[in-house]
Structure formats: structure tokens, C-alpha cells
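First up is the structure itself, then whatever we jot down about it.
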Amino acid sequence: MARPIRPACSILITGASSGLGAALARAYAAPGQRLVLGARRDDPLARVADACRAQGADVETGIIDVGQRDAMAAWVTHADTRQPLDLVIANAGISGGTAGGTETEDHTRRMFTTNLDGVLNTVMPLIPRFQARKAGQIALMASLAGFRGFPGAPAYCASKAAVRVWGEGLRGLLAADGVGVSVICPGFVRTPMTAVNPFPMPFLMDPDPAAALIRRALAADRGRIAFPGPLVWVARLVAALPDPWADALTRRTPRKP
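Counting with mature numbering (1 follows the signal peptide of the UniProt record, and there is no 0), you get residues -22 to -1, 1 to 235 for the letters of the sequence shown.
Structure, rendered in C-alpha cells:
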């Protein structure tokens, strides 16, 4: 059951230099809001920060790689010490696929380092602090691709599945401590990550409406924020099919570059 969520006034977002992360930063930017934005690329992040400041937000930035455990722990705890965080959105992620053949070991490991370890590195240092305060909210960026492994992007699907399942378990674990956890499972959103896809993307959403939807759902403390509706039902159906049927279906899906 959803619990009352106080308005988030101090928010940390990773992967904030472009795509959905940048859209989420803009969605929350307003007078009285503190945004702590992290990304690997300096110039794009600076542009997002400037846009958020123009909307009245107080913005801090960090050039950070979520795969670096010690650096992330230092960054997020420093941000929380300066002013307690109300909401952390572990958004940073990378993609890739098998259009050029099988995924290499290096790319597979980098995918898990960013998409899974990066989430853990963002969230784990903050959990004891949130528990001690009996407050705080955690949002984890998964994907509808995490409901079933697809041959077009097995490492991406697996990394997002791990984030989804961990977040679902974490929600129940931290509820008694007054800490909210939500797992975000978008379909196709128009971002640099999807811009390379050479295949049709049904129900493709622009990032700003997607970010607005996520913000409303987080304010309502929804445990799973999955959208758009038609693709959610497709993802759940494919995941529920007997393996021979699902295998026959997924083998026909396009390959991501």
C-alpha cells in the first residue's frame, strides 16, 4: 500500500546529462528545489544544470562514473551530509546489443558494471542514512526489457532485470524503516540510447512527458512505475509464455546495434 510521501526538496539524479535523466532534472527544477546532478560528461551536464537554474533550482553537479564504488560513496554521502537527500534517482545506464554479432565479454561486463553496480554504488551508501532518519525515497531505473531476456540485447535485459527484482525486494525490506523504493520500467523513450535503433519502436515517448509521469508516480509512492500501458501488457505476456513459445517469438525480434 502506498504511504504518504512528503514533497522531495533535495534530489540526487545520476545520468543527468542527457535523455531521461536530464528530463527528470528539468521536471523537478523549481524555486526551493535542490538538485544534485551527476554524469560522466562535463559540457552536457553543465547545460542541463544551467537550464535547471534558470527554472529557479539550486543545482550542484558532479562529474562521476557510477561504476566507481569508492568515488560514488564519497559523492553521495557528501551530498547527503551537506543537506539530507529526500529522493535519489539511480538513473545512469548504458545500452548495446547483438546486431553486429554476439556481445563481447568486455561489453557485457561494462553493461553490468554501469547498469547494476552503478545502481548499487548510488544507493547502498544512502540506505543506512535513510533508515536512521526514517525517511527518504529511492528510485531505480530498470526497463520493460527486464521482464524477459531478448537475443537482441541479453546483457541489457539481464542487468535491468536484476535492478527490477532487487528493487522490488528492497521496497518490502525498507518499508518498516519509512523508506520508499520504486522501480521504474519504461518502454521506448526518445533518448540518445534509442536514437541508434534501426527498427520501429512502438509507443515511443518523448523524455519530458515520461519524466512528468515518473514524477507523479514517485509522489504517489508507486512501487512499480511501468509504461506505456500497451507495452507493459506485451512485456508481461511474453514473460508469462511457456519457454518454447517465448523463444520462438523473441528470436524474431530485431537486433539492437
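Beta carbons are placed, not taken as given, at the ideal position from N, Cα and C, and that holds for glycine.
Check whether residue i and residue j have beta carbons under 8 angstroms apart
i	j	result
Ile41	Asp21	no
Lys112	Asp155	yes
Ile116	Gly71	no
Leu23	Ala189	no
Gly145	Val167	no
Ala27	Thr39	yes
Leu118	Ala68	yes
Met183	Ser73	no
Ala52	Arg126	no
Leu13	Tyr6	yes
Distance, residue j Cα to residue i Cα
i	j	result
Leu219	Val54	41 angstroms
Arg229	Pro129	7 angstroms
Val37	Pro222	51 angstroms
Ala136	Leu94	9 angstroms
Thr92	Thr82	16 angstroms
Leu98	Ser(-13)	20 angstroms
Leu2	Arg200	17 angstroms
Asp58	Leu152	19 angstroms
Met(-22)	Ala226	In this prediction, Met(-22) scores a pLDDT of 45, lower than 50, which makes its location untrustworthy; the coordinate-derived value is nonetheless stated afterwards. So the two alpha carbons sit approximately 38 angstroms from each other.
Pro164	Phe205	5 angstroms
Gln61	Ser(-6)	22 angstroms
Ala217	Gly207	15 angstroms
Thr80	Tyr134	13 angstroms
Ile192	Arg214	20 angstroms
Pro132	Phe181	22 angstroms
Arg4	Arg31	9 angstroms
Gln11	Leu104	19 angstroms
Ala198	Ala(-15)	12 angstroms
Arg194	Pro185	14 angstroms
Pro176	Thr86	21 angstroms
Val212	Gly147	23 angstroms
Ala140	Arg149	14 angstroms
Pro178	Gly114	39 angstroms
Ala110	Arg47	22 angstroms
His56	Arg18	18 angstroms
Thr169	Lys138	17 angstroms
Arg25	Ala(-1)	10 angstroms
Phe108	Ile203	21 angstroms
Pro187	Val174	21 angstroms
Phe90	Pro106	24 angstroms
Opposing strand residues paired with residue i [DSSP bridges]
i	result
Leu65	Ile(-12) and Gln115
Ile162	Met119 and Ile203
Arg12	Ser(-13) and Asp36
Ile105	Ile105 pairs with nothing; no bridge assigned.
Ile72	None, per the DSSP bridge assignment.
Ile41	Ala17
Residue i: first and last residue of the uninterrupted alpha helix (DSSP H) it sits in
i	result
Ala189	Pro185 to Ala197
Ala24	Asp20 to Ala32
Thr169	Unbroken run through Thr169: none, as it is neither H nor E.
Glu146	Pro132 to Leu152
Asp58	Arg47 to Arg60
Glu83	Glu83 to Phe90
Arg4	Gly(-4) to Tyr6
Leu227	Asp221 to Thr228
8 angstroms contact criterion, which residue i and residue j should meet: CB distance rounded
i	j	result
Val66	Leu(-11)	5 angstroms
Ala120	Arg88	Wrong, their Cβ atoms sit about 18 angstroms apart, outside the cutoff.
Val44	Gly96	3 angstroms
Pro9	Gly(-8)	25 angstroms between Cβ atoms; not a contact.
Leu196	Leu122	At roughly 18 angstroms, the Cβ-Cβ gap does not stay under 8 angstroms, so Leu196 and Leu122 are not in contact.
Residue i at chain E interface by Cβ criterion, 8 angstroms
i	result
Thr91	Absent from the structure: chain E. Only one protein chain is present.
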